Amino acid sequence: MVSVKFTVHDRCYIREVSDLLKQLLESGDTESSMKMQSIITVFLASVVLADWTTRQWDAIVVGSGPAGIIVADRLSEVGLSTLMLESGGPSYWIAGRLERPSWLTNTNLSRVDVPGLYSSIFSSSSSPLLCGNRYNAFGGCTIGGGSAINAGLYFRPPDSDFDVTFPEGWHADSFSSAFHKLQTRILGTSIPSADGKVYLNSTYNVTSEFLHKAGYVKYQLNSEYNNKKKAYGRTIFDYEGGQRGGPVKTYLQSALSRSNFALVSGATVVNATRVGPKISSIVVSYNSTTRTIVLNDRGLLVFSGGALFSPQLLMASAIGPETQLGNLAGAGKISADRMDWIINEAVGENLYDNPDTLLVFESDAVQPYTYSYEQPIVSDEKLYLSKRSGPYAYPGETMVLFDSVVSSDNRTVAVHLSSAIGVVKGQFEIRVYGTSGLRSRGKVTLDSLFRPFQAGTLYSDPAGLDATDVAGYIQKLLAAASGSGINCLNLDSTSTITQITEWITSNAGQTNHWGGSCSLGTVVDTNTRVIGTDNLFVVDGSVVPGLLSVNPQMAIMAVAELASEKILQLRGSSSMAVSAMSTGVQTRSIIAATATPLGETFTLNATSPLTNSHSKGYSSLSMSTVFCIFSLAFWVLFA
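Residue numbers (UniProt numbering): 1 to 639.
Put into structure tokens, the structure is as follows:
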């Protein structure tokens, strides 16, 4: 155990804390370092608490999912004082999460960072990374949102998705800059293992062989993104260096480096306070207390809670369908005066998801692999820990393919298929997702506890064409596989379209790729501003009007880039910079209840707010309070 001398002053100077952490780290005493980090995190959070709750902000972003992080980064980049609030807690190691299996002890990895542990996140709905009973679906309520818990798929949609589905100003040519900026920050890779080698390749080999015989063509899917007819290729992930990547590892880190940005986790937004069309503040539940956070006179608010939470937040702010607002008013949740309401029946409507059909095939050429949370194969564990390489650099996905069918009403309906490693010898899986062109829509309503409740998204179109179209494609897929000697175990290759339709309808699963519930043109305008308001915006998957041909994650990030441009243009970036400079913001990432772990980007220096004698609220702790906090720290570390 390292021996450290520490002197308590009337004010805690951050350099002394940094030196202490450095000495602990160099000693190799990782356990003590982690304990000390947690204690210092609590200390720093308490020091700055008064500032973020009492000051006025240029911008508040609600939700730290992929879209929210990108918007917050871009707003803070031009000088706006920006507060981002997250109801959940940490996720990646770099975001403060320490939850992990024992074999990751003494590493800078949490369970979220390791791609091979991806599926373990969903083994229990009570996982602290998930939203639990906050709504009736799986979702990420954590820093990073869905990007912290999903498989990291990263595909650029074809131009047709934007040209057909989105309104003017959001067509493919409008996204050129957004995708360029996004792909500069998050490259994507089809070979995530850091050693550049491909692992667990037997499923890919078997699948690609029968697809090639059936006339499918292999493409580099993100450079040839417009080819979505009989196209296949290796799965592309937003990983980097054998670890989970995404906005938390890129955009959030640049935001956290700025003195005008703050992230607070464990903060649940209840509603926005509105006077006519203008949002003046938000109500936040934090540490079992309710606080009001105020926007400055030209401030703006961005809801980025995802397609289930964002409509709920609008309704809680007296914006939405008349029936829902009436229920809220009857329970005393919003004003009973209808003059205070913005009635918009489209809020929560147009909700969609990708229906998921799981097919299991057999082939003697396929080798199984089972990921283990606690006990990986020893050689694979060593390879991953030493080189970030091997099977644990993959989440299990090996290949994707894209195709489409023309429906009886001349509508083009697309499908997105994903093959994965089997866990039984001689078996592998292909998931079939219905995508662009599907007609089925559900809605988000509020349940008796005023939580968001989704229903009606899967194969719900009145004519039943969605299920028939997907069934028609599956029939062709089964025939192609059977022609290569590969049989489907859970659906006979001789099944009729009627039989397949009945089977996929009764066995359809959710993918939790929710979108559409705050669509462009009906709930928000083409600047993503909520219709009827001056300064309230929604930026997340809920604004995407229709299903995309690919996994939606990359598109939602690009939407956030483009939305950021439009919001800044609408408000005037030069005026915002003046506003930010006049506020003298000094809060930093240390506000969050989850400081960045040792060994990554936890940098404390002389420019930190705790060393600035002109910062408001930082010297309010008494010497006795500081002494108690650090006495506790030393008791834990050195007793």
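C-beta atoms are modelled at their ideal positions from N, C-alpha and C, and glycine is treated no differently.
A quick note: this is a predicted structure, and the numbers were derived from the prediction, not measured.
Test item: CB-CB of residue i and residue j under 9 Å
i	j	result
GLY65	GLY306	yes
GLY68	VAL78	no
LEU200	TYR369	yes
TYR92	GLY396	no
SER285	VAL270	yes
VAL538	ILE556	no
VAL347	PRO311	yes
PHE402	VAL415	yes
THR165	SER436	yes
LEU520	THR533	no
THR530	LEU308	At residue 530 the sequence reads Val, which differs from the Thr that was named. No, Cβ-Cβ distance for VAL530 and LEU308 is not below 9 Å.
GLY516	TYR352	yes
THR412	VAL405	yes
PRO355	TYR459	yes
TYR239	THR189	yes
Residue i in three-state terms, based on DSSP
i	result
ALA262	strand
THR292	strand
GLU565	helix
MET557	helix
ASN287	coil
THR268	strand
PRO90	coil
PHE179	helix
VAL510	The residue you asked about is not Val; residue 510 is Gln in the sequence shown. Reduced to three states, the DSSP call for GLN510 is coil.
VAL539	coil
PHE237	strand
ILE342	strand
LEU301	strand
PHE210	helix
SER223	coil
TRP572	According to the sequence shown, residue 572 is Gly rather than Trp. Reduced to three states, the DSSP call for GLY572 is coil.
ILE590	Note that ILE590 scores a pLDDT of 31, beneath 50, so its modelled location is shaky; the value from the coordinates is reported in the next line. Three-state result, ILE590: helix.
THR522	coil
ALA455	strand
LEU200	coil
THR468	helix
THR189	strand
TYR251	helix
ARG494	Reading off the sequence shown, one finds Thr at residue 494, where the question assumed Arg. In this structure, THR494 counts as coil in the three-state DSSP scheme.
THR184	helix
PHE162	helix
Proximity test, Cβ basis, 9 Å: residue i and chain D
i	result
VAL360	Protein chains in the displayed structure number just one, and chain D is not present.
Those residues which DSSP pairs with residue i across a bridge
i	result
ALA231	VAL217 and PHE402
residue 642	The first residue shown for the chain is 1 and the last is 639, placing residue 642 beyond what the model contains.
THR505	Answer is none; THR505 lacks a bridge partner.
ARG529	PHE537
GLY515	TYR352
CYS131	CYS131 pairs with nothing; no bridge assigned.
PHE361	PHE428 and CYS488
LEU153	PHE237
GLY140	LEU130
GLN243	GLU240
Rounded Cβ spacing between residue i and residue j (contact assumed at less than 8 Å)
i	j	result
LEU130	GLY144	12 Å between Cβ atoms; not a contact.
SER564	VAL71	5 Å
ALA489	VAL360	Per the sequence shown, residue 489 should be read as Leu rather than Ala. Right, the Cβ-Cβ distance comes to about 5 Å (below 8 Å), so this counts as a contact.
TYR392	PRO115	7 Å
THR457	ARG441	7 Å
TYR232	MET554	Contact flag wrong, Cβ pair sits at about 18 Å.
SER265	PRO90	7 Å
GLY152	GLY63	Rounded, the Cβ-Cβ distance is 19 Å, inconsistent with contact.
LEU465	ALA178	Incorrect: roughly 33 Å between the Cβ atoms, too far for contact.
LYS230	GLY215	6 Å
PRO158	ASN108	Incorrect: roughly 38 Å between the Cβ atoms, too far for contact.
SER379	MET399	Their Cβ separation, rounded to whole angstroms, is 25 Å, which puts SER379 and MET399 out of contact at 8 Å.
SER317	LEU295	Not a contact, Cβ separation roughly 13 Å.
GLY541	TRP514	6 Å
residue 646	THR142	Residue 646 lies beyond the range of the chain shown here (1 to 639); nothing can be said about it.
VAL248	ILE94	7 Å
VAL524	ASN344	The Cβ separation is near 10 Å, so there is no contact.
Discussion item. What ranges does the alpha helix (DSSP H) occupy inside the stretch 306 to 334, keeping only unbroken runs of at least 4 residues that lie completely in it?
Written reply: As far as the stretch 306 to 334 is concerned, its whole alpha helix (DSSP H) runs of at least 4 residues are 306 to 316 and 322 to 330.
Worksheet entry | Runs of beta strand (DSSP E) lying entirely within the stretch 364 to 449, each at least 3 residues, in chain order | The beta strand (DSSP E) runs of length 3 or more contained entirely in the stretch 364 to 449 are, from start to end of the chain, 397 to 406, 412 to 420, 427 to 434 and 443 to 446.
Item to complete: Any chance you could list the alpha helix (DSSP H) runs of at least 4 consecutive residues sitting entirely within the stretch 49 to 129, in chain order?
Response: Annotation note: the stretch 49 to 129 contains the following uninterrupted alpha helix (DSSP H) runs of length 4 or greater, listed N- to C-terminal: 66 to 77.
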